[in-house]
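Numbering (this note's numbering), first residue to last: 1 to 280.
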């Protein structure tokens, strides 16, 4: 329970600050984090593939929702690498590629490298569904949805931030209502939001770096190359502060065993979770 809920409850103050310069509180940081286990449970509770796909992309890339919604169905110009392949047309080497994704964020043009392996999964699992939903959209409005809109709900409407929040909230409610023994029961988080997925993506990113370089549990060391990649991913401009925060957070979470469920690389792990809940 947090201090702002019940002032008589003590909270653990951590010995580092958030990127905003505020003192980090252990309980607040834990509540912002999505474990792999809880992520899988929510995916299984979602009743629409479009939200499962969105959650997976957020988990892998750390994008803000408003940046995510610029992801095209069929890209053009700088985003022409996004091609809605039929399953039998997917290039053999797509899994090893990265697709440059340009988008507008907070008044600036930004780009990230979108994993080709993730785009393959989208083409195989979701693009056929998207085409069916585009037909529903056309039947309603007499016009096809724009190629700039990748995400369509079951009724053919374009997914927006409100629809996404509602879908995530419903999935949490559903996971809590399931009886014991039903697959998906056991969500232990307080909530599940796009912001939390973004935060968890950054946490796992730094964790993988520290683990790979055998730096877990060792004194903080600034790494400018990893800091640069992290800032590019999150769209932050501050140098060092964001990276330092996540290094300290990872070490604390690692000591608390919150990161014990990390298995393979972040992309493979996320796609495994998606495929598992879809019985693919």
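C-beta atoms are modelled at their ideal positions from N, C-alpha and C, and glycine is treated no differently. None of the values given here were measured: they were computed from a predicted structure.
Query	Result
Top-ranked residue by Cα proximity to residue 147, from 276, 71 and 94	71
Length-filtered (4 minimum) alpha helix (DSSP H) runs lying within the stretch 55-84	65-68
Collapsed DSSP secondary structure at residue 23 in the structure displayed	Per-residue confidence for residue 23 stands at a pLDDT of 46, beneath the threshold of 50, marking its modelled position as unreliable; the derived number appears in the next sentence. Strand.
N- and C-terminal bounds of the beta strand (DSSP E) containing residue 114	108-115
Buried versus exposed, by CB contacts within 10 Å (16 or more), residue 252	buried
Helix, strand or coil at residue 37 according to DSSP, with G and I counted as helix	helix
Residue from 199, 84 and 67 with nearest C-alpha to residue 75	84
Residue 46 versus 215, 229, 272 and 174, residue with shortest Cα-Cα distance	174
Bridge partners - residue 100, DSSP secondary structure assignment	113
Cα-Cα separation, residue 16 to residue 169	Because the pLDDT of residue 16 is 40, which lies under 50, any placement of that residue in the model is unreliable, and the question is left without a value.
Beta-bridge pairing of residue 215 - partner residues as DSSP gives them	None, per the DSSP bridge assignment.
8 angstroms Cβ cutoff met for residue 111 and residue 119	no
Under 8 angstroms between C-beta atoms of residue 316 and residue 149	The question about residue 316 has no answer, for the chain in this structure spans 1 to 280.
Sequence-distant residues of its chain with Cβ nearer than 8 angstroms to residue 105 (five each side left out)	64, 66, 67 and 235
Per DSSP, the bridge partner or partners of residue 105	108
Close-in-space but distant-in-sequence residues of the same chain around residue 40 (CB under 6 angstroms, 5 per side omitted)	273
Residue 158 (DSSP reduced to helix, strand or coil)	strand
Closest residue to residue 232 among 204, 244, 121 and 61 (Cα-Cα distance)	61
Exposure label - residue 242; buried when at least 16 CB within 10 Å	buried
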